[in-house]
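Shown next, in structure tokens, is the structure this report addresses.
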Ligand SMILES: Cc1cc2nc3c(=O)[nH]c(=O)nc-3n(C[C@H](O)[C@H](O)[C@H](O)COP(=O)(O)OP(=O)(O)OC[C@H]3O[C@@H](n4cnc5c(N)ncnc54)[C@H](O)[C@@H]3O)c2cc1C
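In full-length UniProt numbering, the protein residues as written are 1 to 416.
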């Protein structure tokens, strides 16, 4: 793999940039692989990366119906944090946060990781009590978390309006200082490049249309570019997880909803951290380009269209204008949507299934970006060893029969 560094940049600059290598190949699908991963988003590519790197499985393919990162991975607002309530969630999200901290160096790819801090605002006494409880739970799990009163919120993020005469005044907030954002495309491309260098085939413009089985075990996948034999299929298709599972008559407790985001025109630095508000349903950060990146909750209806409804935008912008008054003078530049896969307990599914050799990593809903490296890491273990990684075990499918749900609605809340 060609090494990226300031020296290679200078060398290529002097050379007219003629020496850069192609970052990944575009191979034809082989007739057979040791494992096939459906879905070339961050989670699918991370799964392939750890399968190759840590389990020595390099004769594998990532099959993507569009282009890599064209799904939710390229459409999300990249908020990263691990301040969920329950031990099971803290374990997986903290595992991911630990991997994020060194991922850029490991992949030799600048993922623009920024630990700028994440504020979760409280607007009433009850919400404040819930958030303070979460701070205590977080600390017991080693998650970086603290409570700020309204004045401390203002000191940390001066643009926030803490006046008492707004409809939902800010009473305080939790702060996770090592939370933040990164660059989604860079993560996808960095993983893809490293996978390719280890021999993983990344096959784009190839849709999986069926899964073949024999005697209750996977034998291959049918695709728009032919049939591929394989004993292991790992489904990592976010909003389309139930579509793939239905190919094997597996019914999942997942609902697919549109979730949208939008960005403003670029401005000078205004928002130094990530601001999230569950009560008024809006969140915001500022990209390195200067655009405010703004999101809210899901559309209430189920859909596979990658766009959201106008009423959500109206509501979130009204909330944001109260919270950050200068925003009222900004023009919004772009809006887009993705399809998120939500589970009844707002926690993911990382699991074996009743069909031997078929594994599911999905149900991340509105907040799976932050988990990308951790999710790929524990899922690769599950696929390679055919047994759940200890961190993944609580997120198995059987929790919907046993009732051992990991109910994270409070922490997932406004999404992300
Ligand atoms: C607007 C928005 C904002 C968000 N903000 C945040 C945030 O701030 N923080 C956070 O943590 N999370 C956020 N999320 C959630 C996050 O984006 C997802 O949980 C995460 O990116 C899912 O990654 P993935 O790799 O599983 O899915 P994807 O990136 O969607 O990848 C799945 C891939 O599967 C492919 N596929 C589907 N069906 C087939 C098939 N039949 N054959 C082949 N390929 C197929 C798709 O084309 C797609 O590329 C947000 C989501 C949206 C939509």
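Glycine residues also receive a C-beta, built at the ideal position from the N, C-alpha and C atoms. Source: prediction; values computed, not measured.
Asked	Found
Throw me the rounded Cβ distance for the residue 258 and residue 339 pair, which I believe falls under 8 Å.	6 Å
Which term fits residue 333, buried or exposed, when burial requires 16 or more other beta carbons within 10 angstroms of its beta carbon?	exposed
Tell me whether residue 232 counts as near ligand 1, meaning its Cβ is closer than 6 Å to at least one heavy atom of that ligand.	no
Quick check on the DSSP output: what are the complete alpha helix (DSSP H) runs of length 4 or more inside the stretch 41-91, in order along the chain?	42-55
Determine the DSSP secondary structure at residue 341, reduced to helix, strand or coil.	strand
Just to confirm the assignment, what range does the alpha helix (DSSP H) spanning residue 381 have?	372-385
Inspect the beta-carbon positions of residue 370 and residue 166 and report whether they are closer than 7 Å.	no
As a quick exercise: from 198, 114, 289 and 409, pick the residue whose alpha carbon is nearest that of residue 265.	289
Helix or strand or just coil, what does DSSP make of residue 191?	helix
Which ranges would you report for the beta strand (DSSP E) in the stretch 249-294 if only whole runs of at least 3 residues count?	255-264, 274-277 and 282-286
Where does the unbroken alpha helix (DSSP H) through residue 347 begin, and where does it stop?	Where residue 347 is concerned, there is no enclosing alpha helix (DSSP H), given that its DSSP letter is neither H nor E.
At a cut-off of 6 Å, would you count residue 356 as near ligand 1, judging by its Cβ distance to the nearest heavy atom?	no
Give a yes or no on whether the C-beta atoms belonging to residue 63 and residue 160 are separated by under 7 Å.	no
Using 10 angstroms around the beta-carbon of residue 50, count the other beta-carbons present and answer buried if the total reaches 16, otherwise exposed.	buried
Determine, using beta carbons only, whether residue 88 and residue 406 come nearer to each other than 7 Å.	yes
For the candidate residues 17, 29, 5 and 47, whose alpha-carbon lies nearest to that of residue 383?	47
On a Cα-Cα basis, can you pick out the residue from 316, 336 and 163 that is closest to residue 328?	316
Name, in chain order, the residues that DSSP records as bridge partners for residue 211.	221
Taking the straight line between their C-alpha atoms, what separation do you get for residue 358 and residue 205?	22 Å
CA-CA distance, residue 40 and residue 380?	14 Å
Give the straight-line distance between the Cα atoms of residue 84 and residue 120, rounded to the nearest whole angstrom.	12 Å
Considering Cα atoms alone, identify which of 200, 199 and 232 is closest to residue 212.	232
Can you tell me whether residue 181 is helix, strand or coil according to DSSP?	strand
DSSP on residue 153, reduced to helix/strand/coil?	helix
Could you check if residue 20 is buried or exposed, using at least 16 other CB atoms within 10 Å of its CB as the buried criterion?	exposed
Let me know the secondary structure DSSP gives residue 333 once reduced to three states.	strand
With a threshold of 6 Å, establish whether the CB of residue 262 neighbours any heavy atom of ligand 1.	no
Among the candidates 9, 155 and 186, whose CA atom is the shortest distance from the CA of residue 173?	155
Measure the Cβ-Cβ separation of residue 175 and residue 117 and say whether it is below 7 Å.	yes
Check this for me: beta carbons of residue 254 and residue 343, under 7 Å apart or not?	yes
Just to confirm before moving on: does the CB-CB distance between residue 44 and residue 236 stay below 7 Å?	yes
What does the alpha-carbon distance come out to for the pair residue 59 and residue 37?	11 Å
Can you tell which of 325, 220 and 57 has the C-alpha that lies nearest to the C-alpha of residue 271?	325
Taking the C-alpha atoms as reference points, what is the distance between residue 139 and residue 349?	25 Å
State the DSSP-derived secondary structure class of residue 362, mapped to helix, strand or coil.	strand
Between 252, 122 and 25, which has its C-alpha nearest residue 68's C-alpha?	25
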